[in-house]
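What follows is one structure encoded as structure tokens, with my remarks underneath.
There are 2 protein chains.
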Amino acid sequence: MTTARRPATLDDVARAAGVSRSTASRVIAGNGFTSPVARDRVRTAADRLGYVPNAAARALVRGAGVRLLVAVAGATPSVLDDSYINQVVSTSAQVCAPYGLGVTVEWVPLDEPGRLTRLADDRGVAGLLLVNTTDAMLGLVPRRLRGRTASIGIGSASVPSVDIDNGGGTAAIVRHLYATGHRRIAMVTGPPWLTCATRSVEAYRGLLRQAGLPAREVVGDFSAARGRAAAREVLRRWPDTDAIVGISDATALGVIGQLRADGVQVPGDVAVTGFDDIPLASVTALTTASHPVRRIATAAATMVLEQRPVPPLTVFPSALVLRESA
Amino acid sequence: MTTARRPATLDDVARAAGVSRSTASRVIAGNGFTSPVARDRVRTAADRLGYVPNAAARALVRGAGVRLLVAVAGATPSVLDDSYINQVVSTSAQVCAPYGLGVTVEWVPLDEPGRLTRLADDRGVAGLLLVNTTDAMLGLVPRRLRGRTASIGIGSASVPSVDIDNGGGTAAIVRHLYATGHRRIAMVTGPPWLTCATRSVEAYRGLLRQAGLPAREVVGDFSAARGRAAAREVLRRWPDTDAIVGISDATALGVIGQLRADGVQVPGDVAVTGFDDIPLASVTALTTASHPVRRIATAAATMVLEQRPVPPLTVFPSALVLRESA
DNA sequence: TTGAAAGCGCTAACAT
DNA sequence: ATGTTAGCGCTTTCAA
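Residue numbers (UniProt numbering), protein chains in the order written: chain A, 1 to 326; chain B, 1 to 326.
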């Protein structure tokens, strides 16, 4: 039985390997010149002792941080209470684990982007992951964090980003509706300030215009509750509507719930589509577009962790998922 | 404009306040004796300089860690890919933010509880949050982390826990079914090793026994896919079943999907209930029991952060939510 | 290619 | 009640 003794430090490893602490450090951290012999001996010793570098000590001397900050822009703190955000945070936390870094989430009010500065000025912050960010916030990323920042959504010259092809995804949905005979297609949109939502709306508008059809838009906010209300509004304003495009699955499910409650057949009378392909979309047979959120979050987190030159924009495709609701 | 200069250290604060670094430390960290005058001057100086303690330095000297480890027990790594876990991780990350601690998630294989030891031996780990843990894992919490560990689910003499009153919640559901005239009630259970799931099953069995009714159990795994298959199995084995209790909302939604696909009316022919009240339960009009997951995660995370003596077990109630499916 | 030495920012004895 | 002092474990000049 191994007694619960003090865990090995770099000094222990160096001593066991018969080299100086500096050499051991160079081998473990992977910087500076080391002879193959030294490398080998240090690695062996480290393995044998179960050496794990002390993240705090490392961060201290390097002036680096110990955690990844996920900064989510939004109107209210409740934006953090969202399954998409949960997934991004949780995935980041998985990606960070092997690096010995933790993850923290904070809300940045839309009308007070300067909050980001306060948060990012903390030296404990090793990297920054912006979610649903605005141009104003992108401009406020402190210089110290340049190259240690990535954005999920829009990016900038100095902030690389990963994004979903929302336009393409929405276009595929609208084309499908058109191809299946729908001509009076309405949309429940997202908040206007959100670029990714705007791209969907623009794709919808563009396609309808091309087809010579009028746009029928009601503003929503991604929530199911708003979706219910929006469904009523759509049918009140345009009673002959035969399809409703939801900006999100939650929106679409709200729409469907309200329609069915009002005796409207889905998809018989009105076809309904979502966006995101949340787990329950499959259960509820919702036609939607799927997005690899985990892969996206992984890509973004990896960018800030790896510090390698990365392409300024990585676009992930949106894939049409046909089910029964449209 | 404030030039982007080096952030203030404790030394800067001490100098500005005209006291020694130790005094400043005592004021900021809140330990040891300090005069009201000193307290005041240090606090003022810290505010003025925008001082933020360096988490790495603090952790280093204290021998404490810099992150909270959320350890999730499960059969496969895919347990991390779950909305409940996402919510726990994300909530913890919110709670940890003001403490300057990050969060990390790792999977602990059920058949290899020792993995926990390896993970927790990392000195970077400041605290431990066990999720869906087993007795074997509870016994492996390293001594260093005693008092810095909490469990969501079962606990032990040395590990305080927060838990849901699954038994009570399930009992309320079964009673409701009974009260509404159902007598041939089946249940799609969870994996047998999970204590919280077992408690639900036992409540179900107990109530049926009391009523002199036979139990009808099919093993599930919380997933919708398994729910679909289980629905078929239930009706094959007991064709006259008039109600199905799902161990989770996903299970129940799978059950409902399959029943409807097979032309069975819900709740007309068979009533179906879920458990958890996920956001979409309301949209799909699922009768279920709701649990304050965010409050639970907050309570658990706070326990490990605050280090105060806490009650060994905090039970959160399960609240019956009546909708249309039963 | 390696070692010696300095110090990152902070806390906690210990002394006063 | 406060100051002095000695590190926590690591990286990184600087010399050799």
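Ideal Cβ placement from N, Cα and C applies to all residues, glycine included.
Review point. Do the CB positions of B/A93 and A/V174 come within less than 8 Å of each other?
Key: no
Point to revise | Which listed residue (A/F33, A/D122 and A/R148) has its alpha carbon closest to that of A/L130 | key: A/R148
Check your understanding: Can you tell me the Cα-Cα spacing of B/R323 and B/H176, whole angstroms?
Key -> 12 Å
Review point. If we call anything under 8 Å between Cβ atoms a contact, is B/L68 one with B/A126?
Key: yes
Check your understanding: Where do the ends of the beta strand (DSSP E) carrying B/D277 lie?
Key -> Here B/D277 belongs to no beta strand (DSSP E), and DSSP marks it neither H nor E.
Point to revise | Inter-residue CB distance, B/I244 and B/V270 (contact presumed, cutoff 8 Å) | key: 6 Å
Review point. Who are the near neighbours of B/A57 in its chain, counting only those whose CB is closer than 8 Å to its CB and skipping five residues on each side?
Key: none
Review point. Which class does A/S282 belong to by DSSP, given the choice of helix, strand or coil?
Key: helix
Check your understanding: Which two residues bound the contiguous alpha helix (DSSP H) that contains A/D11?
Key -> L10 to A17
Point to revise | Beta carbon proximity, B/T3 to chain A, threshold 8 Å | key: Residue confidence is low: B/T3 scores 45 on pLDDT, short of 50, so the model does not pin down where it sits. No coordinate-derived value is stated.
Point to revise | B/D240 versus A/A289 - alpha carbon distance | key: 39 Å
Practice item. Check whether the Cβ atoms of A/S90 and B/V89 sit closer than 8 Å, and answer yes or no. Key: yes
**Study point:** Under the three-state DSSP convention, the category A/S200 falls into
**Key:** helix
Check your understanding: When burial is assigned at 16 or more other CB atoms within 10 Å of the CB, is B/W107 buried or exposed?
Key -> buried
Practice item. Check each residue of the segment 265-277 of chain A: if its Cβ is closer than 9 Å to any Cβ of chain B, include it; give the result in chain order. Key: none
Point to revise | Cβ shell of B/R213 (< 8 Å), same chain only, five flanking positions each side left out | key: The amino acid occupying residue 213 of chain B in the given sequence is Leu; Arg does not appear at that position. These residues qualify, in order along the chain: R183, R184 and I185.
Practice item. Report yes if the C-beta of A/V52 is less than 7 Å from at least one heavy atom of the ligand SAH; otherwise report no. Key: In the structure shown, the ligand SAH is absent, as is every other ligand, since no ligand is present at all.
Check your understanding: Per DSSP, what kind of secondary structure is B/P311 in: helix, strand or coil?
Key -> coil
Practice item. Write down the C-beta distance between A/N132 and A/G220 rounded to the nearest angstrom, noting that I regard them as a contact closer than 8 Å. Key: So it is not a contact: roughly 16 Å between Cβ atoms.
Exercise for review: Give me the Cα-Cα distance between B/A157 and A/S325, rounded to the nearest whole angstrom.
Suggested key: 52 Å
Point to revise | Whole beta strand (DSSP E) elements within the segment 54-106 of chain A, 3-residue minimum | key: 67-74
Practice item. Per DSSP, which residues does B/D163 bridge with? Please list them. Key: B/V315
Review point. Using Cβ-Cβ distances below 8 Å, what residues of the segment 301-319 of chain A are close to chain B?
Key: none
**Study point:** B/D276 classed as buried or exposed, judged by whether at least 16 other C-beta atoms fall within 10 angstroms
**Key:** buried
Practice item. Just the C-alpha distance for B/R6 and B/R294, rounded to the nearest angstrom, thanks. Key: 37 Å
Exercise for review: Grab the span of the alpha helix (DSSP H) containing A/A120 for me, first residue to last.
Suggested key: R115 to A120
Check your understanding: If we cut at 8 Å on Cβ distances, does A/D262 have a partner in chain B?
Key -> no
Review point. Can you round the beta-carbon distance between B/R232 and B/T251 to whole angstroms, since I take them to be within the 8 Å contact cut?
Key: Contact flag wrong, Cβ pair sits at about 13 Å.
Review point. Is the CB of A/D11 under 8 Å away from at least one CB in chain B?
Key: no
Point to revise | Local Cβ density within 10 Å of B/S25, reported as buried at 16 or more and exposed below that | key: buried
Check your understanding: Who are A/A186's beta bridge partners in DSSP?
Key -> A/R216 and A/I244
Practice item. Just tell me which of B/L80, B/Y51, B/R41 and B/G155 has its CA closest to the CA of B/A300. Key: B/G155
Review point. Going by other Cβ atoms of all chains shown within 10 Å of its Cβ, with 16 needed for buried, is B/D308 buried or exposed?
Key: According to the sequence provided, residue 308 of chain B is Arg. The question's Asp does not apply to it. Looking at its Cβ environment, which holds fewer than 16 other Cβ atoms inside 10 Å, B/R308 is exposed.
Check your understanding: How many angstroms separate the CA atom of B/V95 from the CA atom of B/V52?
Key -> 18 Å
Exercise for review: Taking only beta-carbon positions, decide if A/A299 is within less than 8 Å of chain B.
Suggested key: no
Exercise for review: Answer yes or no: does any C-beta atom of chain B fall closer than 8 Å to that of A/G321?
Suggested key: It is worth fixing the name first, because residue 321 of chain A is Val in this sequence and not Gly. Judged by the 8 Å Cβ criterion, A/V321 is not in contact with chain B.
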